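>
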Amino acid sequence: MATIRREFVNDAIQRADALTDPYIRNYDVTKRFEFVKQTILDDESLTKNEKWEAIKIITNDYDYIKVKTNEGTKRLCENCALECLATLYC
1 MATIRREFVN DAIQRADALT DPYIRNYDVT KRFEFVKQTI LDDESLTKNE KWEAIKIITN
61 DYDYIKVKTN EGTKRLCENC ALECLATLYC
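The opening residue of the sequence shown carries number 1 in this note's numbering; numbering runs sequentially from there.
1) What residue from P22, Y89, T30 has the CA that sits closest to L76's CA?
2) Quick one, are the C-beta atoms of I97 and I4 less than 8 Å apart?
3) Looking at A16: is its Cβ nearer than 8 Å to the Cβ of T39?
4) Restricting to runs no shorter than 4 residues, where is the alpha helix (DSSP H) found entirely within the stretch 8–52?
5) Who pairs with C84 in a beta bridge, going by DSSP?
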């Protein structure tokens with residue numbers, strides 16, 4: 001199993017967040033998440049495992065923000081069949 005360079009992962013997330021347009025950063029959580037995710041996927045300095053780890057981190061943050069602010073796209077939970085905001089949990 002390949003080692004994950006956590007400092008590179010954190011740096012990539014911070015770089016992608018810094019590149020985000022201020023309008024997107026302040027008003028649309030979903031667009032911000034998609035932009036940061038695509039920027040991380042396009043980052044050539046990270047390995048595939050590091051990209052996966054970075055996406056896992058930003059998805060967790062995205063879920064937290066959506067639930068806290070009660071904004072964003074709702075999905076239908078496979079377990080309880082109710083609408084929920086979070087992606088990783090019900």
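Think of the CB as a built atom: it goes at the ideal place given N, C-alpha and C, for glycine as much as any other residue. Note that the coordinates shown come from a computational prediction; the quantities given were computed from them, not determined experimentally.
Reading off the structure:
1) Cα-wise, what sits closest to L76 is Y89.
2) Outside the shown range of the chain (1 to 90) lies residue 97, about which nothing can therefore be said.
3) Yes, Cβ-Cβ distance for A16 and T39 is below 8 Å.
4) Complete alpha helix (DSSP H) runs here, min 4: 22–27, 29–42.
5) C84 is bridged to R75.
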